[in-house]
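Counting along the sequence shown from 1, when you hit position 167 you're at 167 in full-length UniProt numbering, and nothing is skipped either side. For glycine and all other residues, C-beta sits at the position ideal for the given N, C-alpha and C. Following: one structure in structure tokens, then a few remarks.
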Amino acid sequence: MSPYEAIYGFKPMVHIPYIAADTQVAAVEDLFRDREVAIQQLKRNLEVARNRMKQLADRHRSERTFAVGDWVYLKLQPYVQVTLKLHSNQKLAPRFYGPFLVLERIGEVAYRLDLPPEAQIHNTFHVSLLKPARGSHDIHFPLPSAPRFSFVPRAILDRQLVKRRGKAAIRLLVHWQGMSVADATWEFMDDFQLRFPSFQF
Numbered sequence: 001m002s003p004y005e006a007i008y009g010f011k012p013m014v015h016i017p018y019i020a021a022d023t024q025v026a027a028v029e030d031l032f033r034d035r036e037v038a039i040q041q042l043k044r045n046l047e048v049a050r051n052r053m054k055q056l057a058d059r060h061r062s063e064r065t066f067a068v069g070d071w072v073y074l075k076l077q078p079y080v081q082v083t084l085k086l087h088s089n090q091k092l093a094p095r096f097y098g099p100f101l102v103l104e105r106i107g108e109v110a111y112r113l114d115l116p117p118e119a120q121i122h123n124t125f126h127v128s129l130l131k132p133a134r135g136s137h138d139i140h141f142p143l144p145s146a147p148r149f150s151f152v153p154r155a156i157l158d159r160q161l162v163k164r165r166g167k168a169a170i171r172l173l174v175h176w177q178g179m180s181v182a183d184a185t186w187e188f189m190d191d192f193q194l195r196f197p198s199f200q201f
């Protein structure tokens, strides 16, 4: 069943190409000729509209090819970003991740990337999701490490029930040793128990 038949309940009229002087009745000849002119005009209009849409779409496209060994950035949707890096606010998460190494070209428009082992997504992507990485990827001067502070919990001053990533979670107001009560911080209970499993509430 064609879409036309599903919508209108009957099959579309079969188009018979116009052949000049194919009938002896002048009215029928005029009808066939007018219908053929209208059909050809519709085909031209559809072709013009199709070309116009293609030109508008091609403005935002570019021909890109990558070779094995190239470095590329990967564009991911918010729902697949969590296995590469978890963000508290997906709206502010970066659009591109990487750079990643191109391992293999598959067909004309797909590439297999060297993703980290913890990334729970398929490692083959369409070329439209890739962007070439420019510049050197070697760090000649290591960045200075951030100072590490050792916080030891002293007491739990308060607790709250809040929403975290759409689920209920408990937040603790922790008083740290060597710090004043005014410097107490709010910590989620799950994170707190992972950091201090032996702490007695």
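- Taking C-beta atoms as the reference points, leucine 130 and arginine 64 count as a pair closer than 8 angstroms.
- Non-local beta-carbon contacts of isoleucine 156 in its own chain, meaning distances under 8 angstroms to residues more than five positions away in sequence, involve Leu172, Leu173, Val174, His175, Phe201 in chain order.
- Glutamine 120 and valine 48 have their C-alpha atoms roughly 44 angstroms apart.
- With a beta-carbon spacing of about 6 angstroms, phenylalanine 66 and tyrosine 111 fall inside the 8 angstroms limit used to define contacts.
- With a threshold of 16 other beta carbon atoms within 10 Å, phenylalanine 10 falls short and is exposed.
- Taken atom to atom, the span from the alpha-carbon of leucine 103 to that of leucine 92 is near 30 angstroms.
- Counting every other CB atom within 10 Å of its CB across the protein chains shown gives glycine 69 a total below 16, marking it as exposed.
- Tyrosine 73 is bridged by DSSP to Lys131.
- In summary, alanine 20 is exposed, with fewer than 16 beta-carbon neighbours lying within 10 Å of its beta-carbon over all protein chains present.
- For arginine 105, the closest of Pro99, Val127, Gly178 by C-alpha to C-alpha distance is Val127.
- As a beta-bridge residue in DSSP terms, lysine 163 pairs with Ala168.
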